[in-house]
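The structure appears below as C-alpha cells.
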Amino acid sequence: GKYEQLGGSIRCVVSVSMLTEGWDANTVTHVLGVRAFSTQLLCEQVIGRALRRQSYEINEDGQDKGLFNVEYADVLGIPFDFTAKPVVAPPQRPRETIHVHAVRPERDTLEIRFPRVVGYRVELPEERLRADFNQDSVMELTPGLVGATETRNSGIIGEHVDLNLDHTGDVRPSQVIYELTSHLVLNKWRDANGEPQLNLFGQLKRIARQWIEGYLVCKGGTYPAQLKYKMLADMACERIMAGITREFVGQRPIIAELDPYNPTGSTRHVNFNTSKSNRWETDSRRCHINWVILDSDWEAEFCRVAEAHPRVKAYVKNHNLG
Numbered sequence: 046g047k048y049e050q051l052g053g054s055i056r057c058v059v060s061v062s063m064l065t066e067g068w069d070a071n072t073v074t075h076v077l078g079v080r081a082f083s084t085q086l087l088c089e090q091v092i093g094r095a096l097r098r099q100s101y102e103i104n105e106d107g108q109d110k111g112l113f114n115v116e117y118a119d120v121l122g123i124p125f126d127f128t129a130k131p132v133v134a135p136p137q138r139p140r141e142t143i144h145v146h147a148v149r150p151e152r153d154t155l156e157i158r159f160p161r162v163v164g165y166r167v168e169l170p171e172e173r174l175r176a177d178f179n180q181d182s183v184m185e186l187t188p189g190l191v192g193a194t195e196t197r198n199s200g201i202i203g204e205h206v207d208l209n210l211d212h213t214g215d216v217r218p219s220q221v222i223y224e225l226t227s228h229l230v231l232n233k234w235r236d237a238n239g240e241p242q243l244n245l246f247g248q249l250k251r252i253a254r255q256w257i258e259g260y261l262v263c264k265g266g267t268y269p270a271q272l273k274y275k276m277l278a279d280m281a282c283e284r285i286m287a288g289i290t291r292e293f294v295g296q297r298p299i300i301a302e303l304d305p306y307n308p309t310g311s312t313r314h315v316n317f318n319t320s321k322s323n324r325w326e327t328d329s330r331r332c333h334i335n336w337v338i339l340d341s342d343w344e345a346e347f348c349r350v351a352e353a354h355p356r357v358k359a360y361v362k363n364h365n366l367g
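Just so we're aligned: 317 in the numbering used here is position 272 of the sequence shown, and the numbers increase by one with no gaps anywhere.
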C-alpha cells in the first residue's frame, strides 16, 4: 500500500497458491476469499493462516490477567461455519510494537561477526585409531527400544499367523559389521570438505567389530541385524564415536565444528518485531542494534556499564541473532 492512501497499511498480499506447509507468518490481519472453495479442508487451511499470534506475553492486569491478550483477524468470503452464531467482539486497542533491527549503514562499523558453532570434537589422528569403551558404551536392544519382536495376526475366525524376527538371526555378523561401518563413515566421519574418509574404513571396521562383540547386548528376541535401522545405527555410531574420542582426550586438541550451511553469523541479520515494553535504547556509538529487549534488570545494568566503559568497542545481546 501507498502511504496515506487506501490500503496504505497493507504490507503483503499472499495468494492461496502460496499456502504450502512451509509458509508461515504471525502478522496476518485479513483473510479474503475471492474464489470458490470446494472443500471444508481448504477453508480450514486458509483460515488457519491467521491463527499465529504476534505476541505471547501474558496480560498482567484487568479481567484477563494471566491470559494472552486477545488478537483478531478478519475473515471475509470464506464459507466455513465454525461457530453456532456470530460473536461480536469489541475491538481491542492494538499494543504498541517496536521494530528491532540493525541500523544500516549508519552503524555498520559496529557490526559483530561470530562463528556459528554446532559442537566440539577431539581432532583424531588418521594413522592409528583406537577406542576406549566402558560401561557407557553398552547398548541393549530390547523390545522396549525396537518395538515388539513377535506379534500374532488373526481375524475373528480362521487361522492365525505369528510374525517374528527370526529371519534376522540368519544375517551374517560380517554383514552387520560392514553395514554399520559404512553408516559410520558416510554419516559421522567426513573431512573438512564434507567427503567421507574412506581411507579409514578398515580401522573403523575393526573398532566396530570390537564394539559389537563386546558391548552390544540383544534381549527379548532382538538381533544384531536390527542395527540396519537408521535410528539404531545412529545410536550405535554415537557410542563408537564416544569411545574413540575418549581414547584421545588429553592427547589431541579439541576443535569447534561450524555449521556447514551457515558458518558465520552477524548482527546485521537481526530483524524482528516485539511488543515488550521493557527495553533499552542503545547508544549509536556502541551497538549495531537499535534496541536491546530486556528480560531482567541486570541486563539493563549491563547495557549501561558496557556503553559507559571506554574499552568496549561494540556489544550486542544474544537475542534473535539467527
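Don't be surprised by glycine CBs; every beta carbon is placed ideally from N, CA and C. Remember, predicted model here, so these are calculated numbers, not experimental data.
- Taking 9 Å as the cut-off, the Cβ atoms of E49 and R166 do not count as close.
- Looking only at D236, G288, Q242, the smallest Cα-Cα distance to I257 is reached by G288.
- If you look at D279, you'll find it in the alpha helix (DSSP H) that goes 275 to 293.
- Under DSSP, the beta-bridge partners assigned to H144 are N318.
- Collapsing the DSSP output to three states places A301 in a strand.
- Contact check for Y260 against R284 passes: the beta carbons are separated by less than 9 Å.
- Under DSSP, S311 shares a beta bridge with R158.
- In terms of Cβ geometry, S227 and F246 form a close pair [threshold 9 Å].
- In the three-state reduction of the DSSP assignment, T196 falls in the strand class, which pools E and B.
- In this structure, T154 lies away from T319, with their beta-carbon atoms at least 9 Å apart.
- If you look at R324, you'll find it in the beta strand (DSSP E) that goes 324 to 326.
- The three-state secondary structure of L231, taken from DSSP, is helix.
- Within the same chain, and ignoring the five residues on either side of A359 in sequence, the residues whose Cβ sits closer than 7 Å to its Cβ are L155, I157, R331, C332, H333.
- Per DSSP, V91 is not a residue of any beta strand (DSSP E); the alpha helix (DSSP H) it occupies stretches across 85 to 93.
- Here the stretch 323 to 330 makes contact with the stretch 348 to 355; the two share three or more CB pairs at distances below 8 Å.
- Here V148 has S329, H333, I334, N335 as same chain residues with Cβ atoms under 8 Å from its own Cβ, once five neighbours each way along the sequence are excluded.
- Taking a C-beta distance under 9 Å as the contact criterion, E102 and F113 qualify as a contact pair.
- Looking from the CA of T312, the closest CA among R152, Q108, P305 belongs to R152.
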